[in-house]
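> Protein chains in written order, with my numbering: chain C, 1 to 282; chain S, 1 to 383. All C-beta atoms, glycine included, are put in the ideal place defined by N, C-alpha and C. Here's a structure for you.
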Amino acid sequence: MNININKVALRWSLIGAPLLWQLMFFALPLLFLLVISFCSVQNFQLAADFTFKNWSTMLGRDTFWSAYNYTWALALATAFSASLFALPAAYSISFHMSQRMRTIAIILLVIPFFTSYLVRAYAWQIFLADNGVINALLSPLGFSTISMLNTTFGSWVGYLTLCMPLVILIQVMGMMQIDPSLIQAARNLSAGPFRCLFEVVIPSIKASLVVAWLFAFILTFGDFVSPTYLGGGASPTLSNLIIDTVKSGQQWPRAAVVAIAMIATLVATSLAAMAYAYKGKK
Amino acid sequence: MKKIDTNETDVFTRRKFLSTTTAVVAVPALSTSIFIGGSARAQAPVTVNMLAWYGHAEPDVVAEFESQHNCKIKAKYYTGGDNMLALISQSPVGTYDLILSDAEFVPQLQKAGYIEKLNPADYAFDDFFPEFQKFPGHWQGNDLYSVITRFGFLGVSYNTETVSEKKARSYRVFWDQEYKGKVGHFDWYLPSMGQLSLLNGNKSPYDLNAANFSKLKTSIKTLRPQIAGYFDYGGTFGGLKSGQLQLVCGIGDWITGVLKKAGAKVDSIVPEEGGLQWTESFSIGKSSKNHELAKKFIQYITSAKGQVVSARMGAYPAMIPNKKGWELLNTVDSVEAKRQGMVLKGANCMDGIRSGKIRFRELPLQQPIEDWNDFWSDYKKRV
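Here it is as structure tokens:
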């Protein structure tokens, strides 16, 4: 009896901490966002109210929808391109490196997180500027100046900087779980490297690939730094729109509408991605 | 004799006793008082909390005041009036002793009850140029809520190597095809839209009827293909320094002045269509715990000496409203006085204000702020 009670207590204490965490830092703030989205602003101050005006104003604006589509398209493009670029790197680290080299490679992938992402974005300006490093290298080869900074390309480079190390790491973790004898068996059966990749490796790490893709999507969908400092704030993303809206006479309720739309999109995308990742698994 | 001697001895003994006793009592007392005085001086400095734009509580501005008053000015820096209002509204009353505000936000601070009423007799308004003695928004009738400390002009900021001064003398330069993709906006609707409103011929750039507001929106939209991006302080600073931006709308010497001092080939000019004036002032926060020190700081920073410090502030330079400050600045740093047009003889920066070429930056008068800001977000969409 006592043993059973202790087991229940242990189970709840283990589940309770993350539940409490989720309640405090996700559910309650989300509820707060929802509540203030129905409030109004008078003289720069939040006033208790129950109005749908914030929702109708924001969802009725072309700017909101163009920012939504732009953010979604950029996040999608980044998630797919990061996953694609990461794959050969993850494959090499997992299957073509010694244990020691693999450890070093993983450490190198973690190191970028030691530096502020903002600093890394600023560092890219030196490379992407019209008179920056890349154009300086291309100029002697006869190329005219290529505009990269303050463009969508600039934002994309920043997004990749943010999420690539994480995507590679997640893919590596997935590939490390593959039984090497499967690959060996495929090779013994005359499968080439590409066939081995597409018919053995990728199906085996489907869940890891989707999780890595999802992390890239989530990180870039809500990012403010890259579209601001590398994209020049031209063509606002939803994060830029939140900043603009708050600047507009403390319109926190309208900003809350944008934030809720972002959270809803991320929740829906995550659920869809997870359903796809584990489809067919019991 | 003996008796006398005895008496003398008695007297001496008493004197000796008194002096010895006095010494015994006095020395520790004196040392105690010295100790107490010394410990007062060695007491931990009082913390004065300031809410301000970056730079106002840096050592180059506050070090002297802090050492004179045994205090430490602790700053919370903000970026923009809306950010300032948000920080105050999210903090308990009495959090901030000193609040630096742009002029257009002082009435909001007063209406919300965030700042104390000040006694005009405490401040040296007689030393100020008449134009700044009763600055709009700082006073409600005869009640004073904020004291002007510095100001600057906004116009066309440009790269002096690629844009001629002649071209920069009109806002039309922003439309010049030669600079397509090289024109930046400071990412705040108020200065940029105000400047382009001046270009449209609106003498009061923020007092627009529906027709003029619509016309302003139409004309600004035509500028969009020229625009490289919308930048905060750091982005504008970096863009001008690297040459990525050759023209910037919505700023002035407060950014280019810092770059120019560092050797960058940039400058700002008030174009022929006119310029805007930004104005900063200090208020005392509601229920300040250090009201007296806050008052003393405002007195210091608006004195001639404090005004020179303010004019030469490392973070961003500014013009000053105190005539005696001008005199002192011309004595200690005539180069900076000349650079900012605060010279005592001949044409100076006050001429633009007096002729009406410079208009105060203010909040929109006929439309809600949201209308202007929503347009600003719409305008950012890439075409």
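Beta-carbon separation of LYS245/C and VAL258/C under 9 Å?
According to the sequence displayed, residue 245/C carries Thr and not Lys. Taking 9 Å as the Cβ cut-off, THR245/C and VAL258/C qualify as a contacting pair.
> Roughly how many whole angstroms lie between the Cα atoms of SER204/C and LEU166/C?
Taking the straight line joining both Cα atoms gives about 19 Å.
> Among TYR206/S, ASP143/S, ILE227/S, which residue has its Cα nearest to the Cα of TYR179/S?
It is ILE227/S.
> Return the chain-ordered list of same chain residues with a C-beta closer than 6 Å to the C-beta of TRP213/C, the five sequence neighbours on each side being excluded.
Once the five neighbours on either side are set aside, the close Cβ partners of TRP213/C are ALA79, SER83.
> Considering only residues of the same chain and omitting the five flanking positions on each side of LEU219/C, which have a CB-CB separation below 8 Å?
Within the same chain, LEU219/C has close Cβ partners TYR159, LEU162, CYS163, LEU166.
> So, is VAL383/S buried or exposed, given that buried needs 16 or more other C-beta atoms within 10 angstroms?
By the neighbour-count rule (16 or more Cβ atoms within 10 Å), VAL383/S is not buried but exposed.
> Compare the C-beta of PRO368/S with all C-beta atoms of chain C and state if any pair is closer than 9 Å.
Yes, because at least one Cβ of chain C sits closer than 9 Å to the Cβ of PRO368/S.
> Of all the beta strand (DSSP E) runs that stay within the bounds of the stretch 17-99 of chain C, which reach a length of 3 or more residues?
Entirely contained in the stretch 17-99 of chain C, the beta strand (DSSP E) runs reaching 3 residues are, in chain order, 40-42, 45-47.
> Could you tell me whether the Cβ atoms of THR151/C and ALA277/C are closer together than 9 Å?
No, they are not a contact pair.
> Do GLY222/C and LEU238/C have their CB atoms nearer than 9 Å?
Yes, Cβ-Cβ distance for GLY222/C and LEU238/C is below 9 Å.
> Between which residues of its own chain and LEU230/C is the CB-CB distance below 8 Å, once the five residues before and five after are set aside?
So the list reads ALA121, TRP124, GLN125, LEU128, LEU149, ASN150, GLY154, SER155, VAL157, GLY158, once near-sequence residues are dropped.
> So which residues on chain C does TYR230/S lean against when the C-beta distance must stay under 8 Å?
Under the 8 Å cutoff, chain C gives GLY232, GLY233, ALA234.
> Taking all protein chains shown into account, decide if SER218/S is buried (16 or more other Cβ within 10 angstroms of its Cβ) or exposed.
The sequence given here has Thr at residue 218/S, not Ser. With fewer than 16 Cβ atoms within 10 Å of its Cβ, THR218/S is classed as exposed.
> Pick out whichever of THR228/C, ALA273/C, SER40/C has its Cα sitting closest to the Cα of GLN251/C.
Taking only the C-alpha atoms, the option nearest GLN251/C is SER40/C.
> In angstroms with no decimal places, state the Cα-to-Cα distance between LYS241/S and PRO271/S.
Distance between the alpha carbons of LYS241/S and PRO271/S is about 22 Å.
> Got a sec, what are the start and stop residues for the beta strand (DSSP E) TRP278/S sits in?
Residues 275-284.
> In the DSSP assignment, find the alpha helix (DSSP H) that holds HIS138/S and state where it starts and stops.
Taken as a continuous stretch (DSSP letters only), HIS138/S belongs to no alpha helix (DSSP H), as it is neither H nor E.
> When you compare only the Cα positions, how much space is there between PHE360/S and PHE213/S?
Near 18 Å, if we compare the C-alpha coordinates of PHE213/S and PHE360/S.
> Does the distance from the C-beta atom of GLN110/S to that of GLY81/S stay below 9 Å?
In this structure, GLY81/S does not lie closer than 9 Å to GLN110/S by Cβ.
> What are the boundary residues of the alpha helix (DSSP H) that includes THR47/S?
It is not in any alpha helix (DSSP H) - THR47/S instead sits in the beta strand (DSSP E) that spans 46-53.
> Expressed to the nearest angstrom, what Euclidean distance is found between the alpha-carbon atoms of SER281/S and GLU362/S?
The alpha-carbon atoms of SER281/S and GLU362/S are separated by roughly 14 Å.
> Between SER248/C and chain S, is there a C-beta pair that is closer than 9 Å?
It does: the Cβ of SER248/C has a partner Cβ on chain S nearer than 9 Å.
> Please identify the residue among VAL172/C, TRP55/C, ALA77/C, TYR70/C whose C-alpha is closest to the C-alpha of PHE102/C.
According to the sequence as given, residue 102/C is Arg; it is not Phe. Closest by alpha carbon: VAL172/C.
> Check ALA75/S in the structure and name its three-state DSSP category.
Three-state DSSP puts ALA75/S in a strand.
> Using the Cα positions of MET193/S and ILE148/S, report the straight-line distance between them to the nearest angstrom.
The alpha-carbon atoms of MET193/S and ILE148/S are separated by roughly 24 Å.
> If you check the beta carbons only, do GLU104/S and LEU190/S fall under 9 Å apart?
Yes, the Cβ-Cβ distance between GLU104/S and LEU190/S is below 9 Å.
> Excluding the 5 residues flanking ASP371/S on each side, which residues of the same chain have their C-beta closer than 8 Å to its C-beta?
Hits under 8 Å: PHE213, PRO364.
> Under DSSP, the beta strand (DSSP E) around ASP102/S begins and ends at which residues?
Segment 98-102, the beta strand (DSSP E) holding ASP102/S.
> Around the Cβ of GLU273/S, are there at least 16 other Cβ atoms within 10 angstroms (buried) or fewer (exposed)?
The residue is buried, with at least 16 neighbouring Cβ atoms inside 10 Å.
> Determine the chain C residues that contact ILE255/S at a beta-carbon separation under 7 Å, and present them in chain order.
None at all; the shortest Cβ gap to chain C is about 17 Å.
> What does SER377/S reach in chain C if we use C-beta pairs closer than 7 Å?
Correct list: THR63, PRO236, LEU241, ASP244.
> Could you pull the start and end residues of the beta strand (DSSP E) that HIS185/S belongs to?
Note, HIS185/S: beta strand (DSSP E), 183-186.
> Is there at least one Cβ from chain S nearer than 9 Å to PHE217/C's Cβ?
Taking Cβ atoms only, chain S never reaches closer than 9 Å to PHE217/C, which makes this a no.
> Using a Cβ cut-off of 7 Å, pull out every chain S residue sitting near ALA129/C, in sequence order please.
Ordered by position in chain S, the residues that pass the 7 Å Cβ test against ALA129/C are SER242, GLN244.
> The beta strand (DSSP E) spanning TYR158/S covers which residue range?
147-159 is the span of the beta strand (DSSP E), which, as asked, contains TYR158/S.
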